[in-house]
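J.: Quick one: the structure is below, and I'll ask about it shortly.
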Amino acid sequence: AQTVTQSQPEMSVQEAETVTLSCTYDTSESNYYLFWYKQPPSRQMILVIRQEAYKQQNATENRFSVNFQKAAKSFSLKISDSQLGDTAMYFCAFMKHGGADSWGKLQFGAGTQVVVTP
Amino acid sequence: GAVVSQHPSWVICKSGTSVKIECRSLDFQATTMFWYRQFPKQSLMLMATSNEGSKATYEQGVEKDKFLINHASLTLSTLTVTSAHPEDSSFYICSATQGYTEAFFGQGTRLTVV
């Protein structure tokens, strides 16, 4: 079984500043994916960024980047140039590289509430 | 990205009645759909995995007879909460994939049992 741990319940950051969210996971799988999802007040889940475990290069999507440390089982998210619209709950998620009938099955961390202040 | 729609967005029902929540993939055929439950200020907990034409696979601790899942077509999965009680009040979210695509989420359904 996998576990995903987010140890920061809430983070506050000022506009234009940078904030880093931590995530650690535990798995015996060798092939897997990691994700960061954003859940704004609307509660719609939005994919922020994805990392394939077999790729050493850290994923980047505009202002969002990850620091993937496979040996340490760590997967942190950095939000640069924070904007008011980034205020949301952020979930780290793990997905095993399985068959097509279970592809998309996600295990989520507890979440980190990010509040961006003016 | 692909669109997944849940209906209704919110529902209030009386204790002891059943309520059905629909999850539709609007512009793709969803080979697999997932149902999650989310309590206030908490994470999403997977309830079950649903493949078209097959029985759903429930996670440990999820009552199969309480939460009936049907995936009758490649675009529709339904979750029926039977004999609902106040402790079943929660936010229910579905997601869907087509083969090896990313998971696309519905907007969620807030269920309140009174």
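Protein sequences appear in the order of chains A and B.
Read in order, the letters of the first sequence correspond to residues 1 to 118 in our numbering.
Read in order, the letters of the second sequence correspond to residues 1 to 114 in our numbering.
Idealized CB from N, CA, C, for every residue including glycine.
1) Is A/ASP26 helix, strand or coil by DSSP?
2) With DSSP as the reference, label A/LEU106 as helix, strand or coil.
3) Would you say the segment 88–105 of chain B touches the segment 26–42 of chain B, given that touching needs at least three Cβ pairs under 8 Å?
4) Please name the residue in B/GLN6, B/GLN29 and B/VAL114 whose C-alpha comes closest to that of B/ASP88.
5) Sort A/THR3, A/THR18 and A/LEU34 by Cα distance to A/HIS97 and report the nearest one.
6) Within 7 Å (strictly less), CB to CB, does A/MET45 reach chain B?
7) Tell me the DSSP secondary structure of B/GLU22 in three-state form.
8) For a contact meaning CB atoms closer than 8 Å, what does B/PHE91 contact in chain A?
9) Taking the alpha-carbon of A/GLN1 as reference, which of A/PHE94, A/VAL116 and A/ALA100 has the nearest alpha-carbon?
10) Here's the rule: buried if 16 or more other CB atoms are within 10 angstroms of the residue's CB, otherwise exposed. What is B/GLY61?
11) Between the beta-carbon of A/SER82 and the beta-carbon of A/GLU15, is there less than 7 Å?
12) By the 7 Å beta-carbon criterion, what residues does the segment 43–54 of chain B contribute toward chain A?
T.: Working from what's here:
1) In the structure shown, A/ASP26 sits in a strand (DSSP, three-state: E or B).
2) Collapsing the DSSP output to three states places A/LEU106 in coil.
3) Pairwise C-beta distances place the segment 88–105 of chain B in contact with the segment 26–42 of chain B, as three or more of them are shorter than 8 Å.
4) Comparing Cα positions, the closest option is B/VAL114.
5) Of the residues A/THR3, A/THR18 and A/LEU34, the one whose Cα lies closest to the Cα of A/HIS97 is A/LEU34.
6) It does: the Cβ of A/MET45 has a partner Cβ on chain B nearer than 7 Å.
7) Under the three-state reduction of DSSP output, B/GLU22 falls in the strand class.
8) Those within 8 Å of B/PHE91 in chain A are ARG43.
9) Position check: residue 1 of chain A holds Ala in this sequence, whereas Gln was assumed. In terms of Cα proximity to A/ALA1, the closest of A/PHE94, A/VAL116 and A/ALA100 is A/PHE94.
10) The residue is exposed, with fewer than 16 neighbouring Cβ atoms inside 10 Å.
11) Yes, Cβ-Cβ distance for A/SER82 and A/GLU15 is below 7 Å.
12) When CB distances to chain A are screened at a threshold of 7 Å, the residues of the segment 43–54 of chain B falling below it are SER43, LEU44, LEU46, THR49 and ASN51, in chain order.
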